[in-house]
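Protein chains in written order, with our numbering: chain A, 611 to 947; chain B, 611 to 947; chain C, 611 to 947; chain D, 611 to 947.
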C-alpha cells in the first residue's frame, strides 16, 4: 500500500533503514538470549538517554512490556488504575490479568484518555480499605495518550506525587513515548522518572523498529523479577541480539526522536487541514476528527485508509516515514470535503 | 566467535541468507499483526508440506509455542507427561505452568530423553482416578529429543495410539524437528499427525531463522483458542509479516531441510571422531560424549566452546552453518585427546 | 448483640434450630469428602425442588460458589458481564479473577443493581469481535439484587434469551435467592433454569445455615469440572456431611422459604415505617433509605447497628430470625425521626 | 459405620463433644467474618501455646491452609521442594499450583516420606541458577509424615538451618501435627518455629474438629497477605466464629493433645499386634503393614475397612475416638492371620 494512502495505524509501518542495517550487522555469532554484547550494552545506552542509571529489559511487543511491568508492580490481588480506553484495557486481550495472575484493571474516565490526580483520587478513595475489596497497588498512564495527547512533565509529576502519597507504583505505557517527547521538547527524564514513573514501556516498533520495545526500569530492583517473568512468558528470544541491535540503532544519533518528529510533523499538516474537525488537540501522530459516514466514504473512494472511530468520527495516524508530500493528498482531500 | 570454535548451542547461530533476504523483502507496508499477505499464506504453505490441512500460528520463541500449545491441550488442573529432562521441564522457567494456569508437568525417566508407551502407561495408570489427584490430559515429546535422538514414525505412532486409548492429547516439541526429519528421511507428516500428534512446535530459529517458530495444529479447532492466547501473552507482533516471511523463506526450496542436513552432517563428522566416547547414538545435531575435566580443559585451551554435561561428559552442538571444514579442527582435537 | 438492634447484615445471623439439629445428627462416622449419604442425596433433593434434574455441589461460602461457577462458564481470556455493584465485583476480593485465571468482570450500570437485555446488549455489542479485545462469555446477575430487588421470571427469561442469542452462559448469584422466591411467590425453577440460568449459587448461610451454599447446576455437564475445581481450591471439606446436612435440613419442610419469608416480613415492617425515605422498593430483606448523618447518629445513639450507604443514606438488613417485635423498636425510631 | 471397623482414615471421624458444644455456644449474633470475639482471640490463644507471638488465620481445610501458606512463601515462578508422596503433591489436586499462580512442586524421595538436608541439598544444588530454570524458594515438610513418622526437633532444626542457608522459606503441613507432638512429648514450639518453620498448617479436623484448621504464622508479616488470599479464595466464612470456636475448644484443656494421644495409643495397640508386618515404625496414628491380598480379603470379610497401599500392603489409620476396645477386634484379627 502506498504511504500516501495509509493512515490506518503506525503499527504496520516499514522498518527504518538504520534498524534494518543494524539487524544485518548483528548477524554474526554471539551469545544467546540476552548475554550478547549488544544486549549487555543497553543499560548504559538508556542510562545515558535518561540521565540516570536505569535497567532495561528488551521485549518484542508493547503488550508484553506493559504486562511484564505491571506484573512486577502489582500483586495478583491488586487493582491497577488506568484510563477506560487505555490500550491495556481495550486492546491487549487481558494480558495484564494473565501476567499478574488476576489483578484487576480499574478504568477511569478522563478527557482525551488522560488521567489526573483528582480523577485517580476519586476512584482510589472510594475503595473501602478492607479485605473484601481489591486494593489499589498501581497506576498506568499512556504517554502520548490513546487520543494523541501528551502528558506534560508537570502532569506526570502530579500523578507521581499522588502515587507516592497513596503508596501506588506508577507505570507509563510509552508506545508513543517518542512522539510525546518530540512534542514537548523535553528530556525523556522529565516525563518519566523525574515525575515519579517506576517503569516505562518505551516503544520503538511503531516508530521505525521491527519488533523491539524497551522496558525501562527506574527502580533497578525490579529487573531481576522481570527478567524471570520475561523468560517464563516465552519472550526471551534466543537471538536477542537482533532486538538489542534495533534499540541501539534507534538511540544512536537520536533516530527515535527524528522519526517521532517526522510523524508528528505529518500529523500537524493534517491537523491544519482539518482544524475545524478536530476532537482533540493534535500533539503527537494521531488525529481524531469529526467525519460523517458520507465524508468517510468519499475519502475511502479516493483510496485513503483510516479507522472509523464510532459514529461520525475517524482516527488518522501518521507514521515515522510519512513525508510532507505523503500527507498532502489527504490534507487536500479533507479540505475539499 | 569463529564457527569452528562454537559448539555450545545452535540457539545463537547466525541467520541464513534467504531468511535475511526475506526479512528485507517484507519491509513494505502491509496489514498489521497476522493479517498480512505473508501470514495469511502460512496455512497453505504448511498444509502442502504436511500433506493435509493444518492451521499454523507463528510465534517468536519455542517456549511460547510449547506453552501455547499445551495451554490449549490441558486444563489448569491437568497433568502433562513429559520427559524428566524435557526442555519444558528444565529450561522454560515454568512457562507451561504459567500459560496453562497451573497444570503440572509430570516428568518420566526414559533413555536418551525418549518416552515410550510403557513408560507413560506406568505413570499414567498409577494415578488414582479421583478428584484428589491431578488427572492426566496431555503428553509432550521432543523430536529430536534433548539427547539428539529421533523418534521414528513407528515410535511416534505407538505413543499416539497410547494417547488416544487414554484420551490424552499429544504435543511434540520440535525445536529440532527438522533435524529429526533429516535423519529419518521421512515426510514431516510421518512423525507428526500420522502418528497422532495434535500440535507441533516446529522450530526454525535454531535452524537458520531469526525469531520464528511455527505452531502447527493438526486439530484445526485449536487455532482460535491459541490465537487468543497468543495475543493475551503478548506474542502477536504488530509487524508479524517479518516472522511469516522467515517461515516462508525456509519452506521455500526446502531450506529448512537442507540446513538441518548440514547440521546433522557436521555432527556426524564429530561423532565419527568421538565414536568411542558417545553416550548416545548421534541422530541429529547434538553429541553427548564422555570427556574428563582434564580433556575438556584441553579442548577449551584450544578455543573450543561447548557445554559441560555433568561430571565427565560434554554436549557438543552443531549448527546449520557448520561446514565440513568448520568441524574438522574439533574432530581432530577430539581424536588427539 | 440483641436482635432488635442488629440490622447491619444478615451474614452474621444465628443458625436456625433445625440446622443445628441436623449438624448434631450428622455427627456419626460416614465416608469422607462428599461420598457420604447426605452429600449423595443432594442431587435428588434439589432436583425435586427445582422440578428437573440438577447437579448440586456444596461449598461453604457464596464467594467460592460464585467463583467456581464462573470459572466453569468462562475461559481465562473471557469477559463476564455483571452489575457495577455486584458482590463479585465489589466484595469478593478478586475471587472471580483468581478462579477463572484472569477473566475480566465488566461492570454495567443499572437501576437497583438490576441488569436488562438492553443494558447488556449495549456493552456487549460495543466489543469489537477480534483477538485484541477480551470477548464476552458469560453474564452473572444477582437475585435478589444488591439493592434488594427481585428479578421476576420474565426479567430473568429476557436475560436468558439475550444470553442464548449471544452464546453467553448465565450465572445467578443467589445469596438471597430464597428472599427473591419468597417475594415473588414463584417456583425456584421460574427464576432459574426456566429463565435460562445455567448455574445458580443458592445461598443458605445468610438464611439460617452455618456455612452451606448449594451450587446448583442446570447443565449437568458442568458438575465434573466444578468438582475438580472445588477440590483444587481447597473447598472439599473432609467432613462434608456437615454441610450437606445443613442444606437438607433447610430444604426439609421448606425452612429455607419460611426463613426468607420471615426476613422479608421484617423488612416490610421497616419499609412501612420508612416509606418516604426508601431509595428502592423493598422486595427482599434489605432497605436502602435516605438518612442524614444526624439521623443516623440518633438511631445509633439508641443502639441500632446498620451500614452507612454513602452520604445521606443507610442500608438496613433484616435476618431470618428477626421477629415482628424485634423490628418494632427500629420502626418506631425511624418514624420518630 | 462402627468405630471398631473403620480404619480407613481419620478424615471422616466424628466431632468430639467439646467442639460440638463450642459450636452450639457460638450460636449467638456477633460480627461477621473474622471480626468476632472468638476469631479475635485466636492469636493470643495460639501465642500462649507456641510460647511466642504468632498470627493465626483460620480456614476450613488443610488443603487451603497449605496452599495459602505456600502462595505467601513462594512466587509464581518458584520451586517448592516437598516429598514425592507429600499430600500437597498427591492429594490436593494442584491446589498449590493454583494458589501460587503456577509455582512448581519438586518432589524428593526420602524414606518414610521424610526429607533431610542432604536430600534437599542434592535437589537444590543441581538447579543451575539462571533464568531458564525455575529457582527454589520454599520447602514444605509434613509432620507427622505421610507414613506416620514424626520429625524430631533436631530433624526440623536441621532442615530449618538448611533453608536459612539457602534462603528458602519453610512450611510445615501439620495435618497430624498433634500426633507428632503427642509422640515426641515436646512443646509445639520445638518442632515448629524453634526449628525454623515460617508457617504451620496446624490440623484440627482429623483430630476431632468439624472443619477447622489453624494456619499459624511465625513470621507475622505474612498474615496480611494471607488474609487477603483467604478472602480471594472464598475461605473467609461469614460466620467465622463457628470455626474459631472449634479451635479454641480444642486448645482449651489441651483436648487437641489428648485426642492425638488417644489416636496414637490405639495405633500402638495395632502396631503391637502387627509388629512383624510393619513397614515403618509407628509414631503417630497410621500403620503401614505388609498384607497380602488374601489377608486383606480375610480382614474385609470380617468387616474391617482400610486402605490398600499398593500390592501386598495396607494402611490402617486410627482416630481420636478409637478406644482400646475399638481396636481390640482388629488387633486380634491381624494376629490371627
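All residues carry an ideal CB built from backbone N, CA and C; glycine is no exception.
Against chain C, does residue 741/B count as a neighbour if the rule is that its beta carbon must be under 8 Å from one of theirs?
yes
Is it buried or exposed, residue 777/C, if we count other Cβ atoms within 10 angstroms and call 16 or more buried?
exposed
Contact with chain C by residue 687/B, beta-carbon distance below 8 Å
yes
Could you tell me which chain B residues have their CB closer than 7 Å to the CB of residue 841/C, listed as they occur along the chain?
One finds 741, 742 in chain B with Cβ atoms closer than 7 Å to the Cβ of residue 841/C, taken in chain order.
Since residue 734/B is in the alpha helix (DSSP H), which residue starts that stretch and which ends it?
727-735
Output yes if chain C places a C-beta closer than 8 Å to the C-beta of residue 920/D; else output no.
Chain C contact via Cβ: absent.
DSSP beta-bridge partners for residue 917/B?
925/B
Under 8 Å from the C-beta of residue 718/B: neighbouring residues of chain D
Going along chain D, no residue has its Cβ under 8 Å from residue 718/B, so there is no contact; the nearest lies around 13 Å.
Express the C-alpha separation of residue 660/C and residue 800/C in angstroms, rounding to a whole number.
9 Å
Between residue 997/C and residue 747/C, how many whole angstroms is the CB-CB distance? I'm expecting something under 8 Å.
In the structure as shown, chain C starts at 611 and stops at 947, and residue 997/C therefore has no counterpart that could be examined.
Would you verify that the beta carbon of residue 711/D is, or is not, closer than 8 Å to some beta carbon of chain A?
yes
Close Cβ partners of residue 829/B (< 6 Å) along its chain, the five nearest in sequence each way excluded
808
From the beta carbon of residue 725/B, is the nearest beta carbon of chain C less than 8 Å away?
no
Here's the rule: buried if 16 or more other CB atoms are within 10 angstroms of the residue's CB, otherwise exposed. What is residue 945/B?
exposed
Going by alpha carbons, who is nearest to residue 821/D out of 917/D, 630/D, 617/D?
Checking every option, the nearest Cα to that of residue 821/D belongs to 630/D.
Examine chain B for any beta-carbon lying closer than 8 Å to the beta-carbon of residue 703/D, and answer yes or no.
yes
Let me see if you follow: with CB-CB separation under 8 Å, is residue 569/B close to chain D or not?
Look at the range of chain B in this structure, 611 to 947, and you will see that residue 569/B is not part of it.
Can you tell me where the beta strand (DSSP E) with residue 811/B in it begins and where it stops?
Looking at the DSSP string, the run of the beta strand (DSSP E) that includes residue 811/B is 809-813.
Cut-off 7 Å between Cβ atoms - residues of its own chain near residue 722/A, not counting five sequence neighbours on either side
Hits under 7 Å: 755, 757, 759, 890.
Exposure label - residue 638/A; buried when at least 16 CB within 10 Å:
exposed
What ranges does the beta strand (DSSP E) occupy inside the segment 809-849 of chain A, keeping only unbroken runs of at least 3 residues that lie completely in it?
809-813, 823-827
Who does residue 782/C pair with in a DSSP beta bridge?
751/C, 810/C
Residue range of the unbroken beta strand (DSSP E) whose run includes residue 688/B:
688-693
Buried or exposed: which applies to residue 739/C, given that a residue is buried once 16 or more other Cβ atoms fall within 10 Å of its Cβ?
Looking at its Cβ environment, which holds fewer than 16 other Cβ atoms inside 10 Å, residue 739/C is exposed.
Could you confirm whether any beta carbon from chain C is found closer than 8 Å to the beta carbon of residue 621/D?
With 8 Å as the cut-off, residue 621/D counts as an interface residue toward chain C.
Take residue 901/B as the anchor and find which of 920/B, 911/B, 893/B, 912/B has the nearest alpha-carbon.
920/B
Answer yes or no: does any C-beta atom of chain B fall closer than 8 Å to that of residue 804/D?
Residue 804/D does not count as touching chain B.
Cross-chain neighbours of residue 925/D in chain B, by beta carbon under 7 Å:
In chain order: nothing, as chain B lies at least about 13 Å away.
What are the boundary residues of the beta strand (DSSP E) that includes residue 667/D?
665-669
Tell me the DSSP bridge mates of residue 888/B?
Residue 888/B pairs with 899/B.
Are the CB atoms of residue 849/A and residue 622/B within a distance shorter than 8 Å?
yes
Is it the case that the Cβ atoms of residue 626/B and residue 818/B are separated by a distance below 8 Å?
Yes, the pair counts as a contact, with Cβ atoms nearer than the cut-off.
Determine the burial state of residue 612/A: buried for a count of at least 16 other Cβ atoms within 10 Å of its Cβ, exposed for fewer.
Residue environment for residue 612/A: exposed (fewer than 16 other C-beta atoms within 10 angstroms of its C-beta).
Are any of the Cβ atoms in chain B nearer than 8 Å to that of residue 779/D?
Chain B contact via Cβ: absent.
Is the Cβ of residue 751/D closer than 8 Å to any Cβ of chain A?
No, because no Cβ of chain A sits closer than 8 Å to the Cβ of residue 751/D.
Output, in sequence order along the chain, the residues in the segment 761-786 of chain B whose CB is closer than 9 Å to any CB in chain E.
Considering every chain present, this structure includes no chain E. Its protein chains are A, B, C and D.
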